[in-house]
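Single-structure report; data block below.
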Amino acid sequence: MSYDVIVIGTGPGGYVAAIKAAQLGLKVAVVEKRATFGGTCLNVGCIPSKALLHASEMFHQAGHGMDALGIEVAAPKLNLDKMMAHKDATVKSNVDGVAFLFKKNKIDSFIGTGKIVSAGKVSVTAEDGKVQEIEGKNIVIATGSDVAGIPGVKVDIDEKVIVSSTGAIALDKVPETMIVVGGGVIGLELGSVWSRLGAKVTVIEYLDKILGAMDGDVSKQFQRMLAKQGVDINLSSKVTGVEKGGKGAKVTFEPVAGGAAVTVEADVVLISTGRIPYTAGLGLEEAGVALDNRGRVEIDGHFRTNVAGIYAIGDVVKGPMLAHKAEDEGVALAEILAGQHGHVNYDVIPSVVYTQPEVASVGKTEEELKAAGVAYKVGKFPFTANGRARAMLATDGFVKILSDKTTDRVLGGHIVGFGAGEMIHEIAVLMEFGGSAEDLGRTCHAHPTMSEAVKEAALAAFFKPIHM
Ligand SMILES: Cc1cc2nc3c(=O)[nH]c(=O)nc-3n(C[C@H](O)[C@H](O)[C@H](O)COP(=O)(O)OP(=O)(O)OC[C@H]3O[C@@H](n4cnc5c(N)ncnc54)[C@H](O)[C@@H]3O)c2cc1C
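Remember, the working numbering sits 1442 above the position in the sequence shown when you count from 1.
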């Protein structure tokens, strides 16, 4: 059997590319080395972490958020095994869903490690060592990413005491203390999970702000909120050693600017310093597929590598390491392979931190606009002035809209607040259609909703908000 498309890797990039290509009439095979489909996202990433974020937030609310609403409940009791079972069941239903969609779309699947033998040929080595070769006109590399270590520091991740995100979503008891190395999205989400369940969490971050590239106002506000929740954050701190010992593990860090080193101990240390593209065992060197200076598969604007017939998408290529970015690339590439004109708008890719409150962002940050010399206007509206937020005791946070000073076109939107991850999409849709702050401010929003704060922030950017 020869295929139109062979997709290596079934994360959100690969599985979506496969389904879309099959929907467009192409004969598709997928190769996956895990026993289940769905990649990092469904198995050990987005989905299990969100199951735990939701469950731990419910636990926290039951213990802390009810009294002020006039609901008196006894102190909640944690059943961690049951919470983990909820997470596992959520993962199972999602990965089973992908298997169902493959069947429905008549996609052949091969379980084993895929290696590109040459353009048009992929070998699949199963766990028992059996090798088979499949042929296809087009090969899509969608092998995703893996945990990055700490540059220059040898870390022995055992997934019990020194853990990556994979171990951090599967701890069998709540640690008394947890150190999170890296104050990015994954570290802060998983740190929040264990903090809500009772761990004393300390974050150590190299940069002078948390959440890396997010808007400066957003990361400042978010840091204040995390501090209120009891999370300790050390910024501008360089970790120089992580080793087992003491209570569980010891982390040594020093000020980035120079100064005395400090060693702290914790039951569990989470290494969340980012992710690196995963290309091991793919045979890229032999096949002549070029990588860029950060080890990512190099592609052009149409996802083509330097070898004809070989394409790449998702975390293994440039751009934000996000599931929905990988999915959109999967759709666009499938369309291109089917002779259509697939395209991804990289200027409008939302990004969400699923903590409580949530943080969500789309488009440019204020820092990016300044650096690019773009003249802009800022409209900000706090949830303290929003009726629905007051009714829900969810007044923490704000909406910030950035628009072009001359044209009023919206260039970025940033939200810290309850439900930010849902609200961000109206700004994304507006930006996709090239809308202005006035368009957003004049769009009728239902009352009372948190989303009215988005409208008010747009009004603030365009002229003046009503409710402030
Ligand atoms: C804890 C955590 C939480 C996250 N939360 C979010 C979130 O909330 N939202 C979000 O957008 N993103 C989130 N991400 C990031 C998201 O998971 C990735 O951006 C996304 O999974 C990338 O998709 P992908 O298809 O490129 O690769 P992956 O999902 O990594 O899938 C790649 C697949 O390829 C397989 N593979 C690799 N090499 C081979 C080979 N040679 N042969 C066969 N198969 C192979 C792997 O087994 C894997 O299944 C999170 C990540 C983590 C770790």
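All residues carry an ideal CB built from backbone N, CA and C; glycine is no exception. This one's a predicted model, so the numbers in the text were calculated from it and none came from an experiment.
Distance between residue j and residue i (C-alpha atoms, nearest Å)
i: D1881; j: R1851; result: 9 Å
i: M1910; j: A1870; result: 25 Å
i: I1741; j: T1585; result: 14 Å
i: E1810; j: V1816; result: 9 Å
i: K1812; j: G1658; result: 12 Å
i: G1863; j: V1794; result: 6 Å
i: A1619; j: G1839; result: Looking at the sequence shown, residue 1619 is not Ala but Thr. One C-alpha to the other measures close to 28 Å.
i: F1501; j: T1747; result: 47 Å
i: A1477; j: G1556; result: 13 Å
i: E1707; j: K1692; result: 4 Å
i: S1714; j: V1896; result: 32 Å
i: A1517; j: Y1753; result: 54 Å
i: V1841; j: A1899; result: 6 Å
i: A1510; j: G1683; result: 44 Å
i: A1886; j: T1848; result: The amino acid occupying residue 1886 in the given sequence is Cys; Ala does not appear at that position. Approximately 24 Å between the Cα atoms of the pair.
i: R1736; j: H1744; result: 20 Å
i: Y1829; j: G1883; result: Note that residue 1829 corresponds to Gly in the displayed sequence, not to Tyr. Rounded to the nearest angstrom, the two C-alpha atoms are 17 Å apart.
i: I1621; j: N1536; result: 30 Å
i: A1504; j: R1638; result: 11 Å
i: F1544; j: R1666; result: 45 Å
i: D1598; j: T1694; result: 15 Å
Contact check, residue i vs residue j, beta carbons under 8 Å
i: V1447; j: L1779; result: yes
i: G1688; j: K1462; result: no
i: T1721; j: V1749; result: no
i: D1650; j: L1677; result: yes
i: V1858; j: V1820; result: no
i: I1604; j: V1759; result: no
i: V1582; j: V1449; result: yes
i: E1474; j: G1451; result: yes
i: S1607; j: P1719; result: no
i: A1903; j: I1866; result: no
i: L1764; j: A1459; result: no
i: F1825; j: P1907; result: no
i: Y1648; j: K1596; result: no
i: A1768; j: G1453; result: yes
i: A1833; j: P1890; result: yes
Where residue i falls, given that 16 or more other Cβ within 10 Å makes a residue buried
i: E1894; result: buried
i: V1593; result: The identity of residue 1593 in the sequence shown is Pro, whereas the question assumes Val. Classification for P1593: exposed.
i: I1403; result: In the structure as shown, the chain begins at 1443 and stops at 1910. Residue 1403 is therefore absent and cannot be evaluated.
i: L1724; result: buried
i: S1845; result: buried
i: D1734; result: exposed
i: T1482; result: buried
i: H1856; result: buried
i: D1570; result: exposed
i: P1799; result: buried
i: M1911; result: With the chain represented from 1443 up to 1910, any question about residue 1911 goes unanswered, as that position is not in the structure.
i: E1601; result: exposed
i: D1770; result: buried
i: P1762; result: exposed
i: L1835; result: exposed
i: Q1782; result: exposed
i: S1444; result: exposed
i: V1515; result: exposed
i: E1933; result: The structure shown does not extend to residue 1933, since the chain spans only 1443 to 1910, so no value can be given for it.
beta-carbon residue i near ligand 1 non-hydrogen atom, thresh 7 Å
i: L1494; result: no
i: V1758; result: yes
i: P1799; result: no
i: L1764; result: yes
i: E1499; result: no
i: L1724; result: yes
i: S1607; result: yes
i: I1713; result: no
i: G1571; result: no
i: V1486; result: yes
i: E1740; result: no
i: I1450; result: yes
i: E1474; result: yes
i: S1491; result: yes
i: I1628; result: yes
i: Y1796; result: yes
i: G1654; result: no
is_contact[residue i, chain B] using C-beta, thresh 8 Å
i: E1514; result: Although the question refers to chain B, the structure presented lacks it and comprises just one protein chain.
Residue i: CB within 7 Å of a non-hydrogen atom of ligand 3
i: I1791; result: What this structure holds is ligand 1, not ligand 3.
### Query
Is the segment 1873-1887 in contact with the segment 1784-1796, if contact means three or more CB pairs nearer than 8 Å?
yes
### Task
Check whether the segment 1469-1488 touches the segment 1600-1619, taking contact to mean three or more Cβ pairs, one atom from each stretch, closer than 8 Å.
yes
### Message
Is it the case that the segment 1666-1680 contacts the segment 1640-1649, given that we only count it when at least three CB pairs across the two stretches are under 8 Å?
### Response
yes
### Query
Is the number of C-beta pairs between the segment 1520-1532 and the segment 1687-1707 that are closer than 8 Å three or more?
Counting Cβ pairs under 8 Å, fewer than three are found: no touch.
### Task
May I ask you to verify whether the segment 1492-1507 touches the segment 1537-1555, counting CB pairs closer than 8 Å and requiring at least 3?
no
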